[in-house]
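To start, the structure under review is shown below, and the notes come after it.
Chains as they are written, first to last, in the working numbering: chain A, 67 to 562; chain B, 31 to 390.
Right, dumping it as structure tokens:
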């Protein structure tokens, strides 16, 4: 993890000027600057980084958004957009000399078109609310980040959020048709369209995952897909982590794309079982959760094929959920992995690297070596189907040496992910947290291209600056996600 | 051609501010505006650089014949999920990505197929300075940096030479059946397509020409069989079905014959049959309308724009294309961003100048 940003002092004159400029067209209640009003916005889901914003703007119309941006552009004031504030990489960390632009009031589902299978929503709408609104039509919005009951679609667009089902159903980028918003100059702009493509370059691909650095989203059209009639999950036990890793490759090699394919190692299973009582096999060195969905005929056929492959790959025990309650129970443990681990250690540190699946054994062996080297435990939970790892290093932040060892441990693991042909972040985003590792993953020329790309949208560099893409002189330290005192921000949310 | 040779060619062109015309197999030379400049031929930069079926990723050099890539995948029971057109056989892997065109499978409504861009994981390019840049990677989930690789899909070689691309691939469905139905009312066809798209059926293509409708179902045997029964209609033989979808993919279907310009009109799938003179063929479950028409470009574009879509002059003679513009003009804000992006990747404006829009 990178050194926390120093909490900069607020320039009162500048603040007064900006507040006056914004209150010229917005009611007082929508422009906050008193520290007691702005402090709730000092961090997002990554609470290790805090900064009280100079001003918080809470627009409720697009005209206001346009004018806020135009005003800030004229006054050279940086703007940090914010959705639900559940992000895990500090992407919405405010600036002490900037405006925090909250889109929380944009929380309406504008329309659901059953025939076209699309929904037009405002950015502050919760991810899960879209599927809830479409449920009576037999449709749903596929990407399901674990924080889906709280995270907003605008934030999903900014981070290109994934979820358990993204191996089969894709990420946010594969499920959004159109993003409407405003440039930093306050001009209306539309990326993508309600058709399946749009003229010119595919800017929709660039906007999604751009961490609020290119434009401010005010409306999103998402695709809805037919809800599968049935889903069943297999719990498979293995007597070695390597065998479980190979089984993942075998399932995919057999031509099966599971709706979800997750793995937990023995320490993670033990922590979870104690917390949730999901009925996991505590003797297994690793367990896989392998889900099938579709028509009843499809699921029956696929579950049969999955069981055959998993047995052949050396599964020591196979349990298939027989009803929806059993299926949800099997997932409940996996979803509670983070809080469960939080109970067995004062602090934990979560990484988000992704590796090619074939390197699963290598990385797990490497992590085990690092546990010995640094004298720290590290349970593993991950999205095995797409190689996205969430190793959780257990430590005590009150012990400065442990804290330091944890950082070194995490650093080595992330470097190993890059070395194995992977990435430092699969789904949590770079934000402020992993900005330094970007220097390892990309060369100076790619970073220069990224910076130039930002300039193509935002010439003055005012939209969420200092995130995601490092300046060359920034390349110094590396890290992961640090959970203070076992307390995740929004502890009520499942994280995985 | 080695990477070094391509880099050298680009550096020389950049130094002399000389335009380059990047070309692969030339199978899509008809698409877009004619390009002036020295030909930079990429066909000899070929080979599958990496393919492991259990990773669901293939990495190949740009000049690799598309057919060769598809053969390697088929040997392992996998496929390119966007069913790219070949238009005559010489198509290359890089060309398929650069053109960004997807075939009949784009109609799939169950959420796990898509367009070219949906399957791009990473790429290596030579930019307009002659620098080799790598974006994305070979993993399914990667949110580090801006997603430049996906933007390369459909950029028609105007941002750089695609040296190598990594694509996500998928297993070939176990069973495939095509059902033919007859429906007279074009509006009814559109409505049905959208209704069927909302069912949890394994539909992977839907097209309609005149009063003949073809629907392809692919997936688990039992699911295909039960959906085919629910759809009704007449089951087509395997060879005939393959011919049908190939004819649409590569535009050898009889509809595409004739001297009139061919328009590709991309619209929301529920759009009513276009009120325009000429013949229409509906693909992608209603989201793509092919139009053979002599109607003025302005009126076709106006109709498309009105419903939230856009119209591309897909095939026409050079003079018609120059007069009408191939692609729908961009609004001023997007045009500015496009020009800035072009300057980012190709500061001397050497790559495929004018292929998409006259000014870049």
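Beta carbons are placed, not taken as given, at the ideal position from N, Cα and C, and that holds for glycine.
All of these numbers come straight from a predicted model, not from anything done at the bench.
- When DSSP reads this structure, residue 122 of chain B sits in a beta bridge with B:95.
- Put simply, of A:308, A:409, A:264, A:325 the residue whose alpha carbon is nearest the alpha carbon of residue 462 of chain A is A:409.
- If you draw a straight line from the Cα of residue 55 of chain B to the Cα of residue 219 of chain A, it is about 41 Å long.
- According to the DSSP secondary-structure assignment, residue 293 of chain B is paired through a beta bridge with B:321, B:343.
- With a contact defined as Cβ atoms closer than 8 Å, residue 48 of chain B and residue 34 of chain B miss out at about 19 Å.
- With fewer than 16 other CB atoms across the displayed protein chains lying within 10 angstroms of its CB, residue 74 of chain A is exposed.
- Closest option to residue 87 of chain B, judged by alpha-carbon separation, among B:171, B:294, B:118, B:139: B:171.
- Assigned with DSSP and collapsed to three states, residue 73 of chain B falls in coil, not helix or strand.
- For residue 151 of chain A and residue 228 of chain A, the gap between their C-alpha atoms comes out near 17 Å.
- At the C-beta level, residue 487 of chain A and residue 167 of chain B come within 8 Å of one another.
- Distances from the alpha-carbon of residue 303 of chain A to those of A:339, A:376, A:325 put A:376 closest.
- Using a Cβ-Cβ cut-off of 8 Å, residue 367 of chain B counts as an interface residue toward chain A, since at least one Cβ of chain A sits closer than that to its own.
- Only buried fits residue 472 of chain A, as 16 or more other CB atoms lie within 10 angstroms of its CB.
- Of all residues in the stretch 204-233 of chain B, the ones placed with a Cβ closer than 9 Å to any Cβ belonging to chain A are 204, 221, 224, 225, 227, 228, 229, 230, 231, 232, in chain order.
- Chain order gives the chain B residues near residue 292 of chain A as 139, 140, 141, 227, 228, 229, 230, 231, where near means a beta carbon separation below 9 Å.
- Look at the stretch 246-271 of chain B and you find these whole runs of alpha helix (DSSP H), each 4 residues long or longer: 251-261.
- Residue 382 of chain B does not reach chain A, its nearest Cβ partner there being about 13 Å away, counting only Cβ pairs nearer than 8 Å.
- Just measuring C-alpha positions, the residue of B:302, B:207, B:278 sitting nearest residue 257 of chain B is B:207.
- Taking a cut-off of 8 Å on C-beta distances, the stretch 181-192 of chain B touches the stretch 367-386 of chain B, as three or more cross pairs fall below it.
- At a cut-off of 8 Å, the C-beta of residue 237 of chain A has a neighbouring C-beta in chain B.
- Contacts between residue 358 of chain B and chain A, judged by CB atoms closer than 8 Å, involve 265 in chain order.
- At a Cβ-Cβ threshold of 8 Å, residue 358 of chain B and residue 319 of chain A do not count as neighbours.
- Here DSSP, grouped into helix, strand and coil, assigns residue 156 of chain A to coil.
- For residue 135 of chain B, same chain residues with a beta-carbon under 7 Å away, outside a window of 5 residues either side, are 111, 112, 113, 143, 234, 235 in chain order.
- What residue 173 of chain A touches in chain B, judged by beta-carbon distance under 7 Å, is nothing: the nearest beta carbon there is about 24 Å away.
- With its beta carbon at least 8 Å from every one in chain B, residue 196 of chain A lies outside the interface.
- A direct Cα-Cα distance of roughly 29 Å separates residue 213 of chain B from residue 364 of chain A.
- Listed in chain order, the alpha helix (DSSP H) runs fully inside the stretch 112-175 of chain B are 123-129, 146-149, counting runs of at least 4 residues.
- Between residue 245 of chain A and residue 272 of chain A, the C-beta spacing is not below 8 Å.
- Residue 216 of chain A and residue 115 of chain B have their alpha carbons spaced roughly 42 Å apart.
- The beta carbon of residue 351 of chain B does not come within 8 Å of any beta carbon belonging to chain A, so the residue lies off that interface.
- Judged by DSSP secondary structure, residue 356 of chain A falls within the beta strand (DSSP E) whose first and last residues are 352-360.
- Below 8 Å, enough C-beta pairs join the stretch 438-458 of chain A and the stretch 410-418 of chain A to call them touching: three or more.
- Beyond the five residues adjoining it in sequence on each side, residue 536 of chain A comes within less than 8 Å, by CB distance, of 501, 502, 504, 505, 513 in the same chain, given in chain order.
- 8 Å or more divides the Cβ of residue 350 of chain B from the Cβ of residue 220 of chain B.
- Chain B places no beta carbon closer than 8 Å to that of residue 448 of chain A, leaving this residue out of the contacts.
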